[in-house]
Amino acid sequence: MNETHVTVMGNVATKIDHWMSPSGVPVARFRLASTVRRFDKREERWADAGTSFYTVWAWRSLATNVASSVARGEPVIVRGQLRIVEDERDGRRYLTADLMASTVGHDLTRGTAAFVRVARAQSGPHLTHGPAPAWPPAEAHDAAPFGPSGGGGADTPDAAPVAAVAVSAPGAGTDGDEPGPGPLGTPR
Numbered sequence: 025m026n027e028t029h030v031t032v033m034g035n036v037a038t039k040i041d042h043w044m045s046p047s048g049v050p051v052a053r054f055r056l057a058s059t060v061r062r063f064d065k066r067e068e069r070w071a072d073a074g075t076s077f078y079t080v081w082a083w084r085s086l087a088t089n090v091a092s093s094v095a096r097g098e099p100v101i102v103r104g105q106l107r108i109v110e111d112e113r114d115g116r117r118y119l120t121a122d123l124m125a126s127t128v129g130h131d132l133t134r135g136t137a138a139f140v141r142v143a144r145a146q147s148g149p150h151l152t153h154g155p156a157p158a159w160p161p162a163e164a165h166d167a168a169p170f171g172p173s174g175g176g177g178a179d180t181p182d183a184a185p186v187a188a189v190a191v192s193a194p195g196a197g198t199d200g201d202e203p204g205p206g207p208l209g210t211p212r
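Once you know that position 62 of the sequence shown is 86 in the working numbering, the rest is easy, because the numbers rise by one and skip nothing.
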């Protein structure tokens, strides 16, 4: 009831891991990198100030849709419950920030997307109803692609591109007759 809900904007830092839990519930996981930008008055330009990494968890139909719609490097907005998880491995203590996602979507200030509605699952109520599986999931420790620090590395392969959602640069695909968006995304 008193959970901490947050909204985080950032880039997908790893491929999307997608599997079925032992109880048959689809699960997806990826790392999200959120970089703070600050305006440097001395230099008169924007500069990166620091990056926070989150492990995003999605369940049921959201997990399936994330796995088929989102790829590494894409800008997304994630809303969900924030959980700080303590873990001890090899005598060292680790803290990770996990987001139990309730919503994931592309950041349309940085590109375009085409939405494709999926039919509701007819196979059973486990996709849309019922409590979330136990936390933390046992599968996370068995198939942990993220090293001891919890961060994705250069050896993490990219996710396959998906035809249902296309992300492109602002103004791409216009014939030049239409003006693009003005300042702050407002039409000109």
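Built from N, CA and C at the ideal position, the CB exists for glycine as well.
The straight-line gap separating the alpha-carbon atoms of V60 and M33 is approximately 10 Å. R84 sits in a helix when the DSSP states are folded into three classes.
When the Cα atoms are used, L123 and A143 turn out to be separated by approximately 26 Å. CA-CA distance, E98 to V90, rounds to 12 Å.
For the 7 Å CB-CB criterion, T79 and R103 do not form a contact. Rounded to the nearest whole angstrom, the C-alpha separation of L132 and A95 is 15 Å. Ranked by Cα distance from G129, the options V36, A73, T120, R117 are led by V36. Around the Cβ of S93, a 10 Å sphere holds 16 or more other Cβ atoms; the residue is buried.
Between R84 and P50 the beta-carbon gap is near 6 Å, inside 8 Å, which marks them as a contact.
According to DSSP, A52 shares a beta bridge with H42, A82. The C-alpha of D114 is placed about 33 Å away from the C-alpha of D72. Separation of the CB atoms of A87 and A121 is rounded to 19 Å, and the pair is thereby denied contact status at 8 Å. For T31, the enclosing beta strand (DSSP E) begins and ends at 29–36. With respect to the 7 Å criterion, L106 and T28 are classified as neighbours on the basis of their beta carbons. A residue is called buried once 16 or more other Cβ atoms fall within 10 Å of its Cβ, and V100 is buried on that count.
Looking from the CA of W81, the closest CA among T38, A137, V140 belongs to T38.
Residue nearest to I108 within the set A57, F77, G48 is F77 (criterion: CA-CA distance). The region 115–150 contains, as complete beta strand (DSSP E) runs of 3+ residues, the segments 116–130 (chain order).
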